[in-house]
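K.L.:
Sending over a structure as structure tokens; questions will come in a sec.
Structure (structure tokens):
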């Protein structure tokens with residue numbers, strides 16, 4: 048019964064963590080470029096159940112201690128014919144020991160696009176991240192809501208500079224109207240009437256999806272010194288990528304998780320009641 052209590056409790060913990068993940072997705076459903084999280088659960092290894100009393104006819108058992116210990120063999124792990132690591136018992140099935148959240152994975156699927164017409168609103172169709180400079184170092188984002196500050200530097204809403212392929216901030220010359228700025232699919236920035244690109248936005252991707260992790264504030268950071276490559280995605284101007292959160296689907300998952308949590312909660316209550324009866328009623332009769 049104790050094992051059943053703990054197994055049901057692991058289910059409650061798992062569903063509570065999954066609910067937190069879904070709630071965070073719903074809270075960021077309107078966040079530009081947000082990529083939803085998925086809670087990946089894994090079961091603990093099942094226990095193989097065997098009968099313990101298949102060897103009650105063993106005549107060597109319990110010569111001195113009332114049929115409990117095998118004193119002749121000298122094996123202190125033997126109890127009523129059952130020994131630790133004994134493999135010849137009759138297997139009667141497996142017992143599940145619950146599950147746990149093994150990983151919070153990121154779903155990088157493409158979000159839908161929204162046309163804004165703003166010069167410095169950018170989106171990536173396909174693979175890739177924009178590169179920005181933060182106080183913590185270089186970070187990566189799918190949020191392409193940029194603007195030009197009073198000094199002509201392209202930044203995001205938190206004041207982080209958008210970087211070019213050389214790792215430098217991108218500055219638009221003073222007196223250049225936003226309407227004259229155009230961005231090509233490879234991230235090259237042109238001023239209308241000029242053939243030479245003013246700069247090229249650094250758009251990168253990682254072949255291993257586990258090479259980047261979420262930091263918060265819609266930013267990602269590289270782990271284990273992972274090196275990015277040139278992105279294959281195409282930069283689009285005047286467009287923003289919405290989050291890839293499907294609100295209806297997340298709400299359905301939230302309701303489903305709530306029901307699973309309740310089921311595990313009832314299992315804990317049932318196990319607790321059985322333990323109470325065993326101690327206070329059956330034990331008293333014994």
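Residue numbers (our numbering): 48 to 333.
Cβ coordinates follow ideal geometry from the N, Cα and C atoms, glycine included.
For clarity, every value in this text was computed on a predicted model and none was experimentally measured.
For the segment 184-225, list the beta strand (DSSP E) runs that are entirely contained and at least 3 residues long, ordered along the chain.
P.N.:
Qualifying beta strand (DSSP E) stretches, in chain order: 184-188.
K.L.:
May I ask you to report which of helix, strand or coil DSSP gives residue 316?
P.N.:
Helix at residue 316.
K.L.:
Here's the rule: buried if 16 or more other CB atoms are within 10 angstroms of the residue's CB, otherwise exposed. What is residue 149?
P.N.:
The residue is exposed, with fewer than 16 neighbouring Cβ atoms inside 10 Å.
K.L.:
Going by other Cβ atoms of all chains shown within 10 Å of its Cβ, with 16 needed for buried, is residue 182 buried or exposed?
P.N.:
Exposed, because fewer than 16 other Cβ atoms sit within 10 Å of the Cβ of residue 182.
K.L.:
How would you label residue 53, buried or exposed, when you count the other beta carbons within 10 angstroms and need 16 or more for buried?
P.N.:
Exposed.
K.L.:
For the candidate residues 324, 326 and 314, whose alpha-carbon lies nearest to that of residue 51?
P.N.:
Minimum Cα distance to residue 51 is reached at 314.
K.L.:
Going by beta carbon distance, what residues of the same chain come within less than 6 Å of residue 268, once the five residues before and after it are set aside?
P.N.:
So the qualifying residues of the chain are 186 and 262.
K.L.:
Rounded to whole angstroms, what's the CA-CA distance from residue 271 to residue 177? Just pull it up for me.
P.N.:
Rounded to the nearest angstrom, the two C-alpha atoms are 20 Å apart.
K.L.:
Within a Cβ cutoff of 7 Å, which residues of the same chain sit near residue 172, ignoring the five residues on either side of it in sequence?
P.N.:
So the qualifying residues of the chain are 280, 281 and 283.
K.L.:
Out of 264, 273 and 243, state which residue places its alpha-carbon closest to the alpha-carbon of residue 257.
P.N.:
Among 264, 273 and 243, the Cα nearest to that of residue 257 is on 273.
K.L.:
Return the chain-ordered list of same chain residues with a C-beta closer than 6 Å to the C-beta of residue 90, the five sequence neighbours on each side being excluded.
P.N.:
Within the same chain, residue 90 has close Cβ partners 146.
K.L.:
Considering only the beta carbon of each residue, do residue 80 and residue 188 sit closer than 8 Å?
P.N.:
Yes, the Cβ-Cβ distance between residue 80 and residue 188 is below 8 Å.
K.L.:
Assuming residue 265 contacts residue 190 (C-beta within less than 8 Å), just tell me the rounded distance between them.
P.N.:
Right, their Cβ atoms sit about 5 Å apart.
K.L.:
Residue 305 to residue 62, Cα distance in whole Å?
P.N.:
Using only the alpha carbons, I get a separation of about 8 Å.
K.L.:
Would DSSP call residue 179 helix, strand or coil?
P.N.:
In the structure shown, residue 179 sits in a strand (DSSP, three-state: E or B).
K.L.:
Are there 16 or more other CB atoms within 10 angstroms of the CB of residue 310, so buried, or fewer, so exposed?
P.N.:
Looking at its Cβ environment, which holds fewer than 16 other Cβ atoms inside 10 Å, residue 310 is exposed.
K.L.:
So, with DSSP's three-state summary, where would you put residue 62?
P.N.:
Here residue 62 sits in helix by DSSP.
K.L.:
Does DSSP classify residue 24 as helix, strand or coil?
P.N.:
Missing from the structure shown is residue 24; the chain here goes from 48 to 333 and no further.
K.L.:
Quick one: grab the DSSP three-state call for residue 249.
P.N.:
Three-state DSSP puts residue 249 in coil, outside helix and strand.
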